[in-house]
Amino acid sequence: MRTLRFLYRTSFRFQPPIFNHSFAIRCIPVTNQVQKICIEGRYVRPADSLNEVVDGFGNHVFIGHIQDYHQYFEYEVVGTAQVDGMQVQKEPLQLMYKYPSKYTGYTKEIREFYKAIGRLKGTDLEKAVTIMQYLHEHFTYVSGVTDIYTTAAEALKQREGVCQDYAHIMIALCKYAGIPARYVVGLMIGEGSTHAWVEVYVDGGWYGLDPTNNLHIDDYYVKIAHGRDYDDCIVDKGQFNGITNQQQQVYVRVEDITEKDEK
Amino acid sequence: MQNLVDHTVEINKLLARYGVKFGIYKNQEFHEQLFPFDAIPRVITHEEYSELEKGLIQRVDALNAFLKDIYSEKKIVKDNVVPEDFIFASSGYLPQCEGIIPPKGIYSHISGIDLVQAKDKSWYILEDNLRIPSGASYPLIARELCRRAAPGTFKENNVVDNRNYHKLLKETMDYVNCGGISVIMTPGRYNAAYFEHSYLAERSGCVLAMYNDLFVEKNQLFYRDYKGENKKVGVIYRRISDEFLDPMSFNSESVIGVPNLMDVYRAGNVAIVNAPGNGIADDKGIYYFVPKMIKYYLNEEPILKNAPTYLPFYEEDRKYVLDNLEKLVIKDVAEAGGYGVVFGSDLSKEKLEDMKQLIINESRRFIAQEVIDFLDLDIMENGEPVPRKADLRAFVLSGKETKVWASGLTRFSRNPDSFVVNSSQGGGFKDTWVLSR
Amino acid sequence: MGIISIEKANNLYWLGRYTERVFTTLRKFYRIFDSMIDFDDAEMVYSEYCQRLSIPNIYTSGQQFVDCYIFDPKNPDSLYHNMERAYDNAIVLRDELSSNVVSYIQLALDAIASAKGTAAPLFQLQQVVDYLFAFWGCVDDYVENEECRNIMKTGKYAERIDLYIRLQYHTKDIEKEFTKFVNRMKKTNMHCNLDKLAELTEIINTKKEFNTEYQEALNCLQGIVEVV
Numbered sequence: 000m001r002t003l004r005f006l007y008r009t010s011f012r013f014q015p016p017i018f019n020h021s022f023a024i025r026c027i028p029v030t031n032q033v034q035k036i037c038i039e040g041r042y043v044r045p046a047d048s049l050n051e052v053v054d055g056f057g058n059h060v061f062i063g064h065i066q067d068y069h070q071y072f073e074y075e076v077v078g079t080a081q082v083d084g085m086q087v088q089k090e091p092l093q094l095m096y097k098y099p100s101k102y103t104g105y106t107k108e109i110r111e112f113y114k115a116i117g118r119l120k121g122t123d124l125e126k127a128v129t130i131m132q133y134l135h136e137h138f139t140y141v142s143g144v145t146d147i148y149t150t151a152a153e154a155l156k157q158r159e160g161v162c163q164d165y166a167h168i169m170i171a172l173c174k175y176a177g178i179p180a181r182y183v184v185g186l187m188i189g190e191g192s193t194h195a196w197v198e199v200y201v202d203g204g205w206y207g208l209d210p211t212n213n214l215h216i217d218d219y220y221v222k223i224a225h226g227r228d229y230d231d232c233i234v235d236k237g238q239f240n241g242i243t244n245q246q247q248q249v250y251v252r253v254e255d256i257t258e259k260d261e262k
Numbered sequence: 000m001q002n003l004v005d006h007t008v009e010i011n012k013l014l015a016r017y018g019v020k021f022g023i024y025k026n027q028e029f030h031e032q033l034f035p036f037d038a039i040p041r042v043i044t045h046e047e048y049s050e051l052e053k054g055l056i057q058r059v060d061a062l063n064a065f066l067k068d069i070y071s072e073k074k075i076v077k078d079n080v081v082p083e084d085f086i087f088a089s090s091g092y093l094p095q096c097e098g099i100i101p102p103k104g105i106y107s108h109i110s111g112i113d114l115v116q117a118k119d120k121s122w123y124i125l126e127d128n129l130r131i132p133s134g135a136s137y138p139l140i141a142r143e144l145c146r147r148a149a150p151g152t153f154k155e156n157n158v159v160d161n162r163n164y165h166k167l168l169k170e171t172m173d174y175v176n177c178g179g180i181s182v183i184m185t186p187g188r189y190n191a192a193y194f195e196h197s198y199l200a201e202r203s204g205c206v207l208a209m210y211n212d213l214f215v216e217k218n219q220l221f222y223r224d225y226k227g228e229n230k231k232v233g234v235i236y237r238r239i240s241d242e243f244l245d246p247m248s249f250n251s252e253s254v255i256g257v258p259n260l261m262d263v264y265r266a267g268n269v270a271i272v273n274a275p276g277n278g279i280a281d282d283k284g285i286y287y288f289v290p291k292m293i294k295y296y297l298n299e300e301p302i303l304k305n306a307p308t309y310l311p312f313y314e315e316d317r318k319y320v321l322d323n324l325e326k327l328v329i330k331d332v333a334e335a336g337g338y339g340v341v342f343g344s345d346l347s348k349e350k351l352e353d354m355k356q357l358i359i360n361e362s363r364r365f366i367a368q369e370v371i372d373f374l375d376l377d378i379m380e381n382g383e384p385v386p387r388k389a390d391l392r393a394f395v396l397s398g399k400e401t402k403v404w405a406s407g408l409t410r411f412s413r414n415p416d417s418f419v420v421n422s423s424q425g426g427g428f429k430d431t432w433v434l435s436r
Numbered sequence: 000m001g002i003i004s005i006e007k008a009n010n011l012y013w014l015g016r017y018t019e020r021v022f023t024t025l026r027k028f029y030r031i032f033d034s035m036i037d038f039d040d041a042e043m044v045y046s047e048y049c050q051r052l053s054i055p056n057i058y059t060s061g062q063q064f065v066d067c068y069i070f071d072p073k074n075p076d077s078l079y080h081n082m083e084r085a086y087d088n089a090i091v092l093r094d095e096l097s098s099n100v101v102s103y104i105q106l107a108l109d110a111i112a113s114a115k116g117t118a119a120p121l122f123q124l125q126q127v128v129d130y131l132f133a134f135w136g137c138v139d140d141y142v143e144n145e146e147c148r149n150i151m152k153t154g155k156y157a158e159r160i161d162l163y164i165r166l167q168y169h170t171k172d173i174e175k176e177f178t179k180f181v182n183r184m185k186k187t188n189m190h191c192n193l194d195k196l197a198e199l200t201e202i203i204n205t206k207k208e209f210n211t212e213y214q215e216a217l218n219c220l221q222g223i224v225e226v227v
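Residue numbers (numbering that gives the first Met the number 0), protein chains in the order written: chain B, 0 to 262; chain S, 0 to 436; chain F, 0 to 227.
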């Protein structure tokens, strides 16, 4: 068990300014069996109206609208998380996580790669870990070669990509192997940006694996949202009027503030 | 009746005058086309209609129960009546709709059920349309004009007046209204069914709106007034598909939707007609299971028959389909509007083999049906009646009660060799008479 | 309905303008057509007309002017093209205007198309004038929302003043139309530039005729109503 302090901030600059701007933001981690969240501060601004809703996957979403012209848009969340990772988070399975999604189809590439892994042995969790390890060894982290539209199959073809691609490929492989799997967006210890990983459904619940780093999801991760793939848990979506140049800055900091005797 | 047929040209002229058209894209260019009207009506007797009416109400009630179940408890899957593959691998299932209970629990407010009549006079259901079935406006306006052309004909025959569709529509919308104005949302005048959107708005007294007239604030849907007095919307009859409805929940690239509309809907602050996610119930694969749904949810025997259908997904059916492919019609479950329909008898030996292989490889993707021996309807061509294939789209409206509109859209193929009656493929339409005695 | 969106307000305004453009220019065209009979140099007649209307003179002969200026859908200044723009604005207003009202726009459009290539197009074109009269009559009877009618008529009179100034109508006529315009506009909630309105009022009240320097008046007119 660890206590993490996290800060997640994104700011946009629009030049020239935009108007009639609608947004939906997934940035608030929620408490579950693995993480106990205490929010200390959060804002989305500007906003004529701001509402908190829960989407069809169970994620927290800020929705809102800004009618007037504006050049800046920013949201931030600060808080602490008591994390007790590496455990199965019990809950009934939503059957959709058994089936391929837009980004995680069982294409020829996926089927061939799956074959190359060889026979999977052991429990479902052991199988998933084998898939993760194999993927980690046969895929290289390179940024800029894929984008948000890249599917598992496309990324696999070039054997290079980022955390989103690792996650998509692993989800496709797990589901192909009969293990339900889903996509997770969250924060990881250190400074940088948001991260993506995988949860597999084993022993009546969800268990986190990080194929990018070949790690089990332990006490150094804070989960924000989950869904079938990237598309279901986009952290910020916006639509507005105006032709503009958009600059985006994302800042994430997660530090371990566990008291000595707590460890 | 002759009186009516004699005035075919005049009736079509009036239809043109009132802009009764549908849009079509040819070489990426938009064209408006008249929808040719044939004056010989389809006549449904009183007895026939009573049976159809009962059967349609039963079917739509079961489909509504199915939708409610799928987006909540999923009992029908747990009880193995419908295999889960047919739900969760289908593009019609939208997880974004999980856990939403629409106002009054109604999912399919306006259902367009396509039927054909066989030579032995029995009716078969061809498909269910529970998303945005179109076509009611055409017979609605045609009847008005036919009565002008041949008042005597309508005096002599006891034809149920069908000029109440807009009232049924408004009644259905009012029943689920969450407080606010009633809006019909159109993707715009370049949509194939734009005439219908605008005509139904005019007749029902709803406000016709485009995406840019609507916006979400404080988790409520508003209509933007030019004076700055925004009006809350209580019910939206949207004539735009789920995919484009809300870029924040569905296709992010959609610029013709209303951002965050789904959240307003989830909060119960607006009714969406028809509910998003209905695609799961009118999937050609799910069609096979509708009679089973009727037994499962209503504990009744289905009154109306499906066309005999085989699911290659089941081994037994697959074997039958592969052995009898040349006499069956194959439908791709993902396609709509008369596309993706192949008659085994039209295929060369080679193509037949290709099709078989495709069915083996992607058994979930296809259904196969026996070819029904259609009862052809006469249409007038160069002054002579000639028989042509025709279907019937019945409209069922679910509000406080489930009601069948005593009419429907009868479409026919002008090509004597074609079974496909879809208007986007060049067919025409007829008035549909339901006799009151 | 009592609720008009920004889009619909624009459509109403432009429907008024385009129908009026077709109506007034068509009536003027009858006179031009007639003058070209007597004048040996037909070009003189239509080139002056083009100049007054500030439209490019792309025409090569009297006959070609008739064909192209009236019927050519590709010519952005043709009557047919303007009637199509009226149709574009009408077709999105069916719920506000009613099918009856919209049908007259459809009929007028079809009438121009069917007059094309006929031996005496002016006879056929009379139908267009008739349909437009019927259209406005129908607007008064069937369009229930008064504000809709006022926005349309604001567009109609704005266009009429514009054309009357360009085509050198008598100042008395222009004054009359201007009064109607102001009367209608004040009943709407459209943004009105009061400075420009005052300026145009001044010009119209003092000017005897608009043979020259009419551009100034046109500029004012354009700035009065703010529409997209």
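All C-beta atoms in this analysis are idealised placements derived from N, C-alpha and C, irrespective of residue type, glycine included.
Excluding five sequence positions before and after leucine 124/B, the CB atoms of its chain that fall closer than 8 Å to its own CB belong to Val199, Val201, Asp202 and Tyr206, given in chain order. Taking the beta carbon of leucine 162/F as reference, no residue of chain S falls within 8 Å; the closest one sits roughly 26 Å away. Here the alpha carbons of arginine 202/S and aspartate 230/B stand approximately 40 Å from one another.
Not one beta carbon of chain S lies nearer than 8 Å to the beta carbon of arginine 110/B. Excluding residues up to 5 positions away in sequence, Ala154, Gly160 and Asp164 lie with their Cβ nearer than 6 Å to the Cβ of threonine 145/B in the same chain.
The DSSP-derived three-state label of serine 417/S is coil.
A distance below 8 Å separates the beta carbons of arginine 181/B and tyrosine 96/B.
When secondary structure is reduced to three states using DSSP, valine 128/B falls in the helix class. Boundaries of the beta strand (DSSP E) harbouring glycine 111/S: 109-116, taken from the DSSP string. By a beta-carbon distance limit of 8 Å, histidine 108/S does not contact valine 263/S. Their separation comes to about 17 Å.
The residue from Pro99/B, Thr2/B, Met0/B and Ser10/B with its alpha-carbon nearest to that of serine 192/B is Ser10/B. Collapsing the DSSP output to three states places glycine 22/S in a strand. Around tyrosine 130/F, the same chain offers Tyr103, Leu106, Ala107 and Ala110 as residues with beta carbons nearer than 7 Å, after the five sequence neighbours per side are excluded.
In this structure, methionine 292/S lies near alanine 61/S, with their beta-carbon atoms less than 8 Å apart. About 7 Å separates the beta carbon of serine 240/S from that of arginine 130/S, a gap short enough to meet the 8 Å contact definition. Interface flag for aspartate 94/F against chain S is set, since a Cβ pair is found closer than 8 Å. Interface with chain S (8 Å Cβ-Cβ cutoff): asparagine 50/B is included. Of all residues in the segment 74-90 of chain S, only Val76, Glu83, Asp84, Ile86, Phe87 and Ala88 place a beta-carbon less than 8 Å from a beta-carbon of chain B. Nearest Cα to glutamine 57/S within the set Leu396/S, Phe36/S and Arg317/S: Leu396/S. The CB of lysine 97/B comes closer than 7 Å to the CB of Phe87 in chain S, given here in chain order. Straight through space, the alpha carbons of tyrosine 313/S and glutamate 75/B are spaced by roughly 52 Å.
The beta carbon of alanine 8/F falls within 8 Å of a beta carbon belonging to chain S, placing the residue at that interface. Distance from the CA atom of serine 142/B to the CA atom of glutamate 190/B, rounded to whole angstroms, is 17 Å. It is roughly 39 Å from the alpha-carbon of glutamate 47/S to the alpha-carbon of leucine 351/S.
Annotation: the continuous beta strand (DSSP E) that includes cysteine 37/B extends over 34-44. Selection Ser181/S, Val289/S, Thr185/S and Ala333/S evaluated against isoleucine 124/S yields Val289/S as nearest (Cα-Cα). In terms of Cβ geometry, proline 311/S and cysteine 96/S do not form a close pair [threshold 8 Å].
Contact annotation for leucine 94/B against chain S: Lys73, Val76, Glu83, Ile86 and Phe87 [CB-CB distance below 8 Å, chain order]. Taking one beta carbon from each stretch, the segment 18-27 of chain F and the segment 173-183 of chain S have fewer than 3 pairs nearer than 8 Å; the two do not touch.
Phenylalanine 72/B has its alpha-carbon roughly 52 Å from the corresponding atom of glycine 426/S.
Of the other Cβ atoms in all chains shown, 16 or more fall within 10 Å of the Cβ of cysteine 162/B; this residue is therefore buried. The alpha-carbon separation between aspartate 235/B and asparagine 211/S amounts to approximately 22 Å. CA-CA distance, cysteine 137/F to arginine 148/F, rounds to 11 Å. By the Cβ-count criterion, aspartate 416/S is exposed, with fewer than 16 other Cβ atoms from all chains shown falling within 10 Å of its own Cβ.
Within the segment 309-369 of chain S, the complete beta strand (DSSP E) runs of at least 3 residues fall at 327-331, 340-342 and 365-369. Judged by DSSP secondary structure, asparagine 149/F falls within the alpha helix (DSSP H) whose first and last residues are 145-165.
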